[in-house]
Every structure is written in structure tokens, then in C-alpha cells.
Amino acid sequence: MPIQVLEPHVAAQIAAGEVVERPASVVKELIENALDAGAQRISVEARGGGLRELKVQDDGVGIAPHEIELAFERHATSKLRSADDLWSVQTLGFRGEALPSIASVSQIVCISRVAGEDVGIEIRIAGGELQGRMARGCSPGTSISVRNLFYNTPVRREYLRSDATELSAISAVVQQYALAYPEVRFTALLEGRLALQTSGDGDLRSVLIELYGIDVARQLLPLSVQAGEGLQAVSITGLISPPGLTRSSRAYLHLFVNRRAIQPRGVLAIVVAEAYHTLLMKGRYPMAVLDIRVHPGAVDVNVHPTKSEVRFQFHSRVHGILGRAVREALLEGAGVQTWADGVAPMEDVQRRFELRQIGQSRTAADNRGAAWGVGAGTWDTSSRWDTAHHGNRDMPVANQPAAADTQMHDVGNQEPGAEQILDHTPMPTSDPDLQSATLPPLRVVGQVGLTYVVAESPQGMYLIDQHAAHERITYERLMEQFGAGAVESQGLLLPQTVTLPPAAAASLLHNAEALAEWGFALEPWGEGMLRLRSLPSTLPLDDLQSALLELADYLAGRGGSTPIDWREAMLTTLSCHTSVRAGQALSLEEMRELLRQLENCTSPRTCPHGRPTMVLLTPHQLERQFGRI
Ligand code: ADP
Ligand code: MG
-9 MPIQVLEPHV
1 AAQIAAGEVV
11 ERPASVVKEL
21 IENALDAGAQ
31 RISVEARGGG
41 LRELKVQDDG
51 VGIAPHEIEL
61 AFERHATSKL
71 RSADDLWSVQ
81 TLGFRGEALP
91 SIASVSQIVC
101 ISRVAGEDVG
111 IEIRIAGGEL
121 QGRMARGCSP
131 GTSISVRNLF
141 YNTPVRREYL
151 RSDATELSAI
161 SAVVQQYALA
171 YPEVRFTALL
181 EGRLALQTSG
191 DGDLRSVLIE
201 LYGIDVARQL
211 LPLSVQAGEG
221 LQAVSITGLI
231 SPPGLTRSSR
241 AYLHLFVNRR
251 AIQPRGVLAI
261 VVAEAYHTLL
271 MKGRYPMAVL
281 DIRVHPGAVD
291 VNVHPTKSEV
301 RFQFHSRVHG
311 ILGRAVREAL
321 LEGAGVQTWA
331 DGVAPMEDVQ
341 RRFELRQIGQ
351 SRTAADNRGA
361 AWGVGAGTWD
371 TSSRWDTAHH
381 GNRDMPVANQ
391 PAAADTQMHD
401 VGNQEPGAEQ
411 ILDHTPMPTS
421 DPDLQSATLP
431 PLRVVGQVGL
441 TYVVAESPQG
451 MYLIDQHAAH
461 ERITYERLME
471 QFGAGAVESQ
481 GLLLPQTVTL
491 PPAAAASLLH
501 NAEALAEWGF
511 ALEPWGEGML
521 RLRSLPSTLP
531 LDDLQSALLE
541 LADYLAGRGG
551 STPIDWREAM
561 LTTLSCHTSV
571 RAGQALSLEE
581 MRELLRQLEN
591 CTSPRTCPHG
601 RPTMVLLTPH
611 QLERQFGRI
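So for the sequence shown, the working numbering puts the first residue at -9; every next one is plus one.
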């Protein structure tokens, strides 16, 4: 074949291969752009495994109307002027390659509005060609929808894995940024299901509660160091797992350099793992979220097309500081009893793990774990007043992996203090690596104070806030219905009139269309009065007035809110008003149903406001309280 220069669109597609490997890489680039634009809220939606549609919406600064086409040109960036700037990059992007690359292999709808402008602009691009442009009403910020990814590069498509695999890669990307930016509120809707939502309150631990559950998050040890100045400055902050809390994959090592995610396979991950030294068994890895900051001039971020690796100018210094910091955090953690209550001295921990490594006995002669809802021999099942009818549903069976897990960590009683350490290996579910945020099956014991449900599982005794739990359930159900395009509504045979302050009624009427999407059909009925023909089916009639008032308040307070704000307000208001209250007596059957539904939630351990739905008292904690150990 004679040599010839490639057609621009062919060259663009080849270049796109570097940046856009799979749907998750698109999500990564769009999230980075949103973060660079100063977004406080970022929502990610994926359909059809991310191939049919990926949408990232933010409330950042927006793109100026005259620049919006330019943003999709190759090497067009607002983040870099000269090559020297490369040594002081503060933004996640700087290559000006993401948008043109994505645009060359998909169909894009980009809508953006700068805060000062009256309206936004929408442009459509397919296969890199501009298809149309028009003015559009929208809230400030940017929304980029990427449809039919790789439609013009079928070979790429063939290399993709199943939808589920691609979705979990997308989810991992969102998690990664949620951990790096706890001050940003992330929402991920995958195939219409709420997969993740962080509060954006700036607290790393609350992101971890969301991702891994409160039991895991609570055990993590804080780490914080600062050393040097100027080019030599290094600061590291974050949380790391105590030695007993490990995972079988590196995927739980979240490392960031200057807020950029770093692959968990590189040198930094090795440095962290080595700091645990003998504390880790073979094939086990710690969990960590570490935010490493160095002077921008002392790190080269331009060594990898997706920037997931960096090169430090003073690498051995950074590695040394990192290793020592992890080591110290582990020792300190052992001293100040941050992991739950009782903590064994480091030598003990070490000795125990060494013992296990050389294959010491794992017999469970004194198997306390087994008494905890797993139905093993030591537990007198006949004394459980409700096992007769509900044994199988409420109680995990003895050979379930959860039970095996409990036993595995109980090394028996030859060594005093053995469980003391090993109890700190709580794996909340049967497969800890896969579903650590979900709940084990819970057995209802009763209700206290008409407010809390008491339940047990192999992990111990749970106190569950009935209102918070129900709020979570309703929230996720509504989210799902809304994602699927239809919030279930109940038509009223007799339309209901509601009297509200006139301003409230007016603002609700003004938003009647948006409210209709949530199942409300309302119309004016004289001064300050509304007539409702239908309402969301989750909302009880007697709560209608206060729910409407709350929504009107919301609308009055934040008039020009973004669609994300609005959706949040609807979801939280509706779930709060729908939910069982504190002070409400619940029958056993109702409590069982409540817990069953909670077990099915994506984020069962926090309510939509981010407060915990439950408190766990482990067998170990109880036994300590009673002086049994
Ligand atoms: P880079 O991020 O490397 O600059 P991109 O191709 O990702 O390159 O984006 C090109 C430009 O488009 C950015 O420099 C930025 O000015 C603008 N841009 C992209 N996404 C957004 C967004 N979500 N909000 C505001 N501006 C954006
Ligand atoms: Mg970018």
C-alpha cells in the first residue's frame, strides 16, 4: 500500500482508542470535566450497559455559547496555554482530547449554560460532525449525553464485556471520584436504578459509609502527615484499614495524587501494602483511601493517556513518607482503640496472623459466633419464639457462607485474646468483597420505644430506626420508578381540595408540569386552594397537605434550582412524608416486611439525609459489656 496521510475522521477514531476504551472511560472524562468546572453536584446515568446512553450532568460554570463547538475540537482546552503550564497543572484535564475523541465515536447532545446567560445552548454532534445548534432553557451547568457509543466502530463494541461488567466499571469510576471529592454530591443511576449517592458533605467517612457500610467505615484508621516545603512538600491524608480488615483484591486501594486517581497496581499500592508487612495474609490487601498531595511542579501527570499513573520528581521521598505514615497509623490505631472497642496490642495482632499463616488450628470449639442467628448447635432454637413459623426466612441457615465466615475468624480458645483481634474482621455479608454495603438477613426480635426495631444476624444485634429505614426504602423505590419514567400514582375518586398559603399554592401550580412527573395531578380551585385528582401512590392522603407545603417551601427558597436539586427535593420530601413515623407501633409482620425491604436496598445503612438507619452491637461488644471476656 502506498503511504498516505489518514483522513481526519480515521485519525480521530484511532486517537479515540487511547482515551475511550469502554463506557467507563467516557464517564471518567466527563466527570473530570465536571470537576474541573467546579461542580458541586454531578449525576451520572447509564443505559444499555452505557452504550445506549451515558449522561453526565453538572452544576459547574458551563461553557460559553461561542465556545461550545470549540470544546469538541481536537486539542482545544481552556486549561493550558503553554508547555510550561504542564508543570503546574491544577486541573484534571489539559489535553483537550476527551470531548473530540468521544464525539468521534458516538452521537452527542451537549447542553450548557453559563450562569450569566439567560438561556443555554444545545448542540448535537454525530461521528464528530456538528448536526445542529439551538438556544435552550436550562439551569446553569452542563449536561452531556453520549448515545450509541462505538456505533461507527463496531470492532470496539465487540471487545466490550457484558452489560453488567461495563456497568460495574462505570460504578467503580463514580466511586473513585466520590472518594476523591467528598465535598461533591455524586449520584449514579444505572439502568434507572440508584447505584450510588453521596451526601457531598465533605466528610470522607460518610462517603465510605455509603460505599462500604457503616461497620467497615467505622473501623478505618485515620492517617495524616505533612512534610517539607515548596517543591519538596508532601501531604497525605485519608483512612486505612486495620490489619484485621482485608480484601482479596486491590480494588479497595483508592489512591489519589493531587486528587487524580492512580491505578492500584503501581508502586504506590505496593508501598502501602508493604507497610502492613506481616499483618497481611498472602493474597489479601488492605483497604485505603489516601489523598497524596505534592507540589504540582514535582509530579509529571503527563505519562499516561488516561493520566492514571504519575511520575514523582522525588519518588523515594514520597514513598518513604507514605510507608511510614501507614505504619504509624496502624500502630496508633492499635493504641487509641479506634476500631470498635477492645483492641489488642500490635504484637498480639502480629502473632495471631503469623499463627494463621502457618496453618494453626481453626477449630471453633468455643464458637461464640455460631450463637448469633446462624442456628448452629450452641443456640437453642426452640427458645426462639418465632422461629417455628419463620425460621427459614428470618434466620440464615447454618451452612451459609456468612456462618462460615464467622467461624473462620474464630480461631478457638487456645490463645487468650484470640477473638479479641479476630472479631475485628467483620464481613457484613456472605461475600464481603462483592456486597459489603448490603445487609445480611436479619431476624426480628421486637420493637423498643415504638421507634426502634431490634433484630439480630450473625454479626450481632441491630437497632434499626424504623422511620429512617422506611425513608430509605421509599426513597429507593421512588428513585427507581422515576428512573423508569413513571412514578406510580393513585387516582382519587373524589378529587381532594387542599388549602395552602396563596403563594405556596401559586408556586405549586406554576410547577404543575414537573409535579405531574411525580404523580401529582393538580389544578387551581380558587384563592389559595388546589384540587388534586391524583397523587403519588406512596403518599398517604392525610400527609398530603404538609408534603405539599414542604415542596412549596422548597420551590420558593431555591427558585432556579437544577433538575438534580429538584429531583432530590421531591425524593426526600416524598419519602419522608410517606414513611412510618417514630412512635408508631409495628406488628411483627410489619417489622419483618420493613427489614426484608431494607435488605433489598442499595444503601440500606443510611437514610436519604445521610443519617444511619441502624446501630450494630457485635457479639464481642456485648460480651465485653457483660465481662464475659
Ligand atoms: P480538557 O478537559 O483536557 O481541557 P476536553 O476535551 O475534556 O479537554 O474539554 C475541552 C474543554 O471543554 C475544556 O477545556 C473545558 O473548557 C470545556 N468543558 C468540557 N466539559 C465541560 C463542563 N462539564 N463544564 C464546563 N466546561 C467544560
Ligand atoms: Mg477533559
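Note that CB positions come from ideal geometry on N, CA and C, so glycine has one too.
Computed from a predicted structure; not experimentally measured.
| Query | Result |
| --- | --- |
| G83: CB within 7 Å of a non-hydrogen atom of the ligand MG | yes |
| The ligand ADP heavy atom lying under 7 Å from the CB of S68 | yes |
| Cβ pair F176, L186 closer than 8 Å | yes |
| Option nearest I58 by Cα separation, candidates Q480, R123 and D533 | R123 |
| Helix, strand or coil at G381 according to DSSP, with G and I counted as helix | Bear in mind that the predicted position of G381 carries a pLDDT of just 34, short of 50, making it unreliable; the figure below should be weighed with that in mind. Here G381 sits in helix by DSSP. |
| Buried versus exposed call for D532 [16 or more other C-beta atoms within 10 Å across all chains shown] | exposed |
| Cβ contact check for the stretch 246 to 264 and the stretch 297 to 309: 3 or more pairs under 8 Å | yes |
| Burial state of M(-9) (16 or more Cβ within 10 Å) | exposed |
| Straight-line gap, L44 to R37 (C-alpha atoms, nearest Å) | 7 Å |
| For Y442, three-class secondary structure by DSSP | strand |
| Nearest residue (CA-CA) to S577, options A14, F84 and Y442 | Y442 |
| Buried/exposed call for N23, threshold 16 Cβ in 10 Å | buried |
| Run of the alpha helix (DSSP H) containing L221, from where it starts to where it stops | Unbroken run through L221: none, as it is neither H nor E. |
| Cβ-Cβ distance between V51 and A88 below 8 Å | no |
| Buried versus exposed, by CB contacts within 10 Å (16 or more), L20 | buried |
| Inter-residue CB distance, A66 and G83 (contact presumed, cutoff 8 Å) | 11 Å between Cβ atoms; not a contact. |
| Pair within 8 Å by beta-carbon distance, L41 and N138 | yes |
| Residue from L490, H460 and L498 whose Cα sits closest to the Cα of L585 | H460 |
| Residue environment, P172, which counts as buried when at least 16 other CB atoms sit within 10 Å | buried |
| Euclidean distance between Cα positions of I92 and I134 | 11 Å |
| Per-residue DSSP class, three states only, for P140 | Here residue 140 turns out to be Phe, not Pro, going by the sequence shown. F140: coil per DSSP, three-state reduction. |
| Proximity of V488 and L534 at Cβ, strictly below 8 Å | yes |
| Contact set for P492: own chain, Cβ-Cβ below 7 Å, skip 5 residues either direction | E517 and G518 |
| Near the ligand ADP: D48 beta-carbon under 7 Å from a heavy atom | yes |
| Three-state secondary structure (DSSP) of M469 | helix |
| The ligand ADP heavy atom lying under 7 Å from the CB of I53 | yes |
| Run of the beta strand (DSSP E) containing Y452, from where it starts to where it stops | G450 to D455 |
| Alpha-carbon spacing of H500 relative to Q480, whole angstroms | 22 Å |
| 8 Å Cβ cutoff met for I32 and V163 | no |
| Paired residues, beta bridge with D48 - DSSP | I32 and T132 |
| C-alpha gap between L320 and V262, whole angstroms | 11 Å |
| Distance cut-off 7 Å: T132 Cβ against heavy atoms of the ligand ADP | yes |
| Given M604 as reference, the closest of W556, F472 and P430 once Cα atoms are compared | P430 |
| Continuous beta strand (DSSP E) stretch holding R521: start and end | M519 to P526 |
| Proximity to A606 [Cα-Cα], best of D205, D290, L198 and P530 | Checking the sequence, you will find Leu at residue 606 rather than Ala. It is D205 whose Cα lies nearest to the Cα of L606. |
| F246, DSSP secondary structure in three states | strand |
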